[in-house]
Amino acid sequence: MKVICKVWLDNNGKVFGEGPYLLLKKVQKSHSLHQAANEMGMSYSKAWRLIRTIEQRLGFLLLERRTGGRSGGGSEVTPEGKKLMKNYEKFQKDIKEAIEKIYQKHFCSNESILSLQKRK
26 MKVICKVWLD NNGKVFGEGP YLLLKKVQKS HSLHQAANEM GMSYSKAWRL IRTIEQRLGF
86 LLLERRTGGR SGGGSEVTPE GKKLMKNYEK FQKDIKEAIE KIYQKHFCSN ESILSLQKRK
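To convert, take the position in the sequence shown, counting from 1, and add 25; that gives the working numbering.
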């Protein structure tokens with residue numbers, strides 16, 4: 026058995042969590058919001074709305090956009106976006122460690138109902 030916990034940042038609505046984080050990771054790798062959205066099974070317009078909404082709620086840009094043309098368009102994660110991603114990674118790591126300790130305390134101790142059931 027394991028514990029699963031979803032955590033996101035909220036400011037009168039979801040601001041940032043696992044989905045937007047993964048989308049930015051894919052943009053970072055592909056340099057394309059369109060490709061990142063496709064890889065996540067999301068329409069480009071939905072990904073674009075999601076990024077715009079998050080940027081409005083946070084007050085800074087996550088992506089630098091280059092319009093298409095002869096050299097093609099693309100997207101790059103901004104320095105602020107990269108910092109947000111790095112902080113989110115550390116935050117998630119700390120949360121997982123803390124939750125695992127709490128899980129062990131409440132469900133794996135000698136007094137836990139789960140431990141008692143295993144002994145029978």
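The C-beta atom is built at its ideal place from N, Cα and C for all residues, glycine as well.
- Per DSSP, reduced to three states, the secondary structure at valine 52 is helical.
- Here the segment 30-39 does not lie against the segment 47-60, with fewer than 3 beta-carbon pairs under 8 Å apart.
- Measuring C-alpha to C-alpha distances from lysine 108 to each of Lys126, Ile127, Arg91 and Phe85 identifies Phe85 as the nearest.
- Judged by DSSP in its simplified three-state form, leucine 88 adopts strand.
- Of the other Cβ atoms in all chains shown, fewer than 16 fall within 10 Å of the Cβ of glycine 66; this residue is therefore exposed.
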